[in-house]
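Protein chains in written order, with this note's numbering: chain A, 1 to 274; chain B, 275 to 581. Quick reminder that beta carbons are idealized off the backbone N, C-alpha and C, glycines included. No experiment lies behind these values; they were computed from the predicted model shown. Let me begin by presenting the structure, written as structure tokens, before commenting on it.
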Amino acid sequence: MWRRWKARPIVLVPLGYLCLMAALALFAPVIAPYRYDAQDETAVLQPPSARHLLGTDELGRDVFSRLVYGARVSLTVVLQVELLEVLIGVSLGLLAGYFRGRWDALIMRFTDMMFAFPDILLAILIVAVLGPGLHNVFIALALTGWPGMARVVRSQVLALREREFVEAARAIGLSHFRILWRHILPNLLPTVLVAVTVDSAGIVLAESALSFLGLGAQPPLPSWGRMIDDARQLMRSHPMLLFYPAAMLSLTVMALNFLGDSLRDLWDPRRHKG
Amino acid sequence: MTQHILSRLLQAIPTLLLISFLTFIMGFLAPGDPIRMILGEHSDPQAVAQVRRELGLDQPWYVQYGRFVWNALKGDFGISLYNRRPVGDILRESFPATATLAVLAILLAVAVGIPAGIVAAVWHNRLPDRLSMTGVVLGISVPNFVLATLLILLVSVQWGWLPVAGWGAPEYLVLPVLVLAARPSASVARFTRTSMLEVLQQDYIRTARAKGVPERAVILRHALPNALLPVVTVIGNAFGYLLTGSFIVETVFAVPGVGYKSVEAILRRDYPVIQATTLLFAFLFIVVNLVVDILYTRLDPRVRFRS
């Protein structure tokens, strides 16, 4: 495993960037010199300086601090959504793939239906019912995201359950639960990890898009999408306010996409990078 | 073949019913009394009761749902709570803008994506390949509202070449179409490349080369048609997403399309409009995917014989 990682050190670049983002998110209160909502009416729209590393916005808030807290908002949403999505997706995928039969048919019909619906639309619809807000974005994204996970897991389980070690486990009389928990689940790890990475890119995108439309994070909470929307009003005079969150957001999505592709190549060398 | 089409059509019905039910429930659960929204907060209780009866809102939910579906089939989606216009009219006015953008964007995506994918596959692992794949990564990773805002900043604000936002003349189309086309171009290029690489390794290509067919003809005449088969599906899906996912681009560029209207409606809690746009989008998405599926079955004899 590590040897293959070493053979492609390029993978470490997005990984390093993502670790940095995670560190920003985790230690935001320590790293950020100001609180994200701390306003200073005497220092509105300041250029970068020693006091404000990247300057201040139209309300006199420190831009650097808001970017750091923005990482925290993104990470929080990704973690919450993925947790729920993996929980639902993996359980249903296991159920469908391992037991087959009626449950399988029912679950797959349902995921088919979910796939026949544009996911951003469903997310927007859910937010429309629940009302704008970060918490509702998280619910909406989790509800729209799990069918993909369930499908991937199911197809993997279908292959795994025919393997000898599962047959052996069954032959010595292990319970279904034990087979699923100790023998199949660990083998799903690579598949799930790749799916989670690729998916995270989509979640970061969707959260920022919804926040950009005013449906996600509500002020003064700094989502990168929200910051970009706020900065649009001022882009003539202060284009940098737009540039910082745009760069952070794009780089994060790019890093996640890269990492997802690389992980897939690492675990499945037969698959050529498309 | 006919059986396949029929079964796909039948499969679409429960999905549409589910979606219509979800959108109906949404209006049902929505906070606030729609009649008071129409008549005003402090209206006469008698008038409220009368309008409620006229609109059938005093009936049990299943009767209301039945009527909702029936009216929707006739193109009647009620009236907007915000400006009290028939929602059907709003849809009819806003759909052409959305459709125009989607059609132009998919054409651009095909015109850019397929050549880029071919070039990448032919010069596999060399400079042209790396360049197009960098473009692909950018196209997939840069969020479209970021791209839109940056383009406005550069092209409209700094250089003053194009209007910032609006609708009505051809110059308003350029930026929204560019932004909308970015992501589908990337996925079309990516799929064309993968598919071309696969096809170029097959025996019949080696045979063609051995016969002395010029390389140009090998690529364009022998390899390309087969390689494009799977790309058809990608293009179709991308078109489905373009038609139904232009919320952001329409909002940024103030295009009076369905996406813009629905975002507006969500922020105003104008439920009849939200319901109608959702139903329209879901319907379009399903129809486009159905057409793509059928088209693919017709194009590829292998699929036809298997089914």
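Between the alpha carbons of residue 410 of chain B and residue 47 of chain A lies a gap of roughly 34 angstroms. DSSP places residue 357 of chain B outside any alpha helix (DSSP H), giving it a letter other than H or E. The beta carbons of residue 513 of chain B and residue 450 of chain B sit no closer together than 8 angstroms. For residue 356 of chain B, no chain A residue has a Cβ inside 8 angstroms of its Cβ, as the nearest lies near 14 angstroms away.
Contact of residue 446 of chain B with chain A by beta-carbon distance below 8 angstroms is absent, the smallest such distance being about 18 angstroms. Cβ atoms of residue 545 of chain B and residue 355 of chain B come within 8 angstroms of each other, at about 7 angstroms. Looking at the backbone, the Cα of residue 496 of chain B and that of residue 487 of chain B are separated by about 10 angstroms.
Within the same chain, 466, 469, 470 and 473 come within 7 angstroms of residue 501 of chain B by CB-CB distance, once the 5 residues on both sides are set aside.
Per DSSP, residue 398 of chain B lies in no alpha helix (DSSP H) segment and is marked neither H nor E. Excluding its 5 nearest sequence neighbours in each direction, residue 187 of chain A has C-beta neighbours in its own chain below 7 angstroms: 160, listed in chain order. Taking 8 angstroms as the CB threshold, residue 440 of chain B stays off the interface with chain A. About 20 angstroms separates the CB atoms of residue 182 of chain A and residue 96 of chain A; that is not less than 8 angstroms, and the two are not in contact. A residue is called buried when at least 16 other Cβ atoms come within 10 angstroms of its Cβ; residue 388 of chain B meets this threshold and is buried. Where residue 14 of chain A is concerned, the enclosing alpha helix (DSSP H) starts and stops at 12–26. Distance check between residue 392 of chain B and each of B:515, B:558, B:464 and B:574 places B:464 closest, using alpha-carbon atoms only.
Note that the C-beta distance between residue 566 of chain B and residue 518 of chain B is not below 8 angstroms. Short of 7 angstroms from the beta carbon of residue 352 of chain B, and not among the five residues preceding or following it, lie these beta carbons of its own chain, in chain order: 361 and 546.
The Cβ-Cβ distance between residue 57 of chain A and residue 34 of chain A does not fall below 8 angstroms.
The criterion of a C-beta distance shorter than 8 angstroms is not satisfied by residue 198 of chain A and residue 138 of chain A.
What residue 138 of chain A touches in chain B, judged by beta-carbon distance under 7 angstroms, is nothing: the nearest beta carbon there is about 17 angstroms away. For the pair residue 371 of chain B and residue 529 of chain B, the Cα-to-Cα distance works out to about 7 angstroms. Among the residues of chain A, none has a CB under 8 angstroms from the CB of residue 375 of chain B; the nearest is roughly 16 angstroms distant. Excluding residues up to 5 positions away in sequence, 496 lie with their Cβ nearer than 8 angstroms to the Cβ of residue 478 of chain B in the same chain. The beta carbon of residue 437 of chain B sits closer than 7 angstroms to those of 430, 445 and 446, all from its chain and outside the five residues before and after it, given in chain order.
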